[in-house]
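Note sheet for the following structure.
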Amino acid sequence: MDYEKNITVAFSGHRTYQGEANEELRGVVARLYDEGYRRFLCGMAWGFDLAAGEVVAELKREYQDVELIAALPYRNFSKLFHAEDAEQYKRVADDADAIVVVSKSEGKVAYRLRNDYLVENSSVVVAWFNGVPRGGTAYTLRQARRKGVRIENLYPQAQMELEF
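This note's numbering puts the first residue of the sequence shown at 1, with every later residue one more than the last.
This is the structure in structure tokens:
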């Protein structure tokens with residue numbers, strides 16, 4: 001799929017996210033829509049990713065020109081989900097305009113490839129990042145910084161001191 005980066009937003013955040021910033025997330029997504037962003041890439045992990053996916057799905061019901069793209073690290077990623085998270089995953093996947101699988105194999109490389117895909121195909125990353133310098137969200141934001149991708153972190157007292 002050929003994305004126009006200048007109208008594309010990606011999401012990256014911790015799996016421990018419990019909806020703490022859902023109102024702020026709705027506001028940022030609405031503002032980005034007003035700025036001309038129409039494609040939204042969701043990494044589909046439980047926590048912040050799926051919360052963001054649901055916010056975009058709400059926006060899609062209001063505006064027909066919104067696209068939600070589900071970016072999976074590998075084909076059977078959903079088998080990791082339990083109960084409520086599995087239901088949320090299904091809702092977001094059902095609302096997606098497209099599903100992109102970035103790796104044929106499972107494992108850490110697949111997650112890194114998915115995170116690279118998010119950065120490479122967007123011009124904004126909306127994050128829920130607590131400042132811990134390891135893990136997928138830290139990796140994604142370091143990549144975004146290296147590539148000059150705008151980052152909007154919704155975590156309170158945002159800590160963005162990532163070493164390169």
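Backbone N, C-alpha and C fix where the C-beta goes; we use that ideal spot for every residue, glycine too.
In the three-state DSSP reduction, residue 106 falls in the coil class, being neither helix nor strand. The beta carbon of residue 105 lies closer than 7 Å to those of 74 in the same chain, with the five residues before and after it left out.
Under DSSP, residue 40 forms a beta bridge with 9, 68.
Secondary structure note for residue 152: its beta strand (DSSP E) is the uninterrupted segment 150 to 153. The shortest CA-to-CA distance from residue 19 to any of 79, 128, 110 is the one to 128. Residue pairing by DSSP puts residue 127 in a beta bridge opposite 12, 153. In the DSSP annotation of this structure, residue 20 is not part of any alpha helix (DSSP H), being labelled neither H nor E. The C-beta of residue 39 has 16 or more other C-beta atoms within 10 Å across all chains shown, which makes the residue buried.
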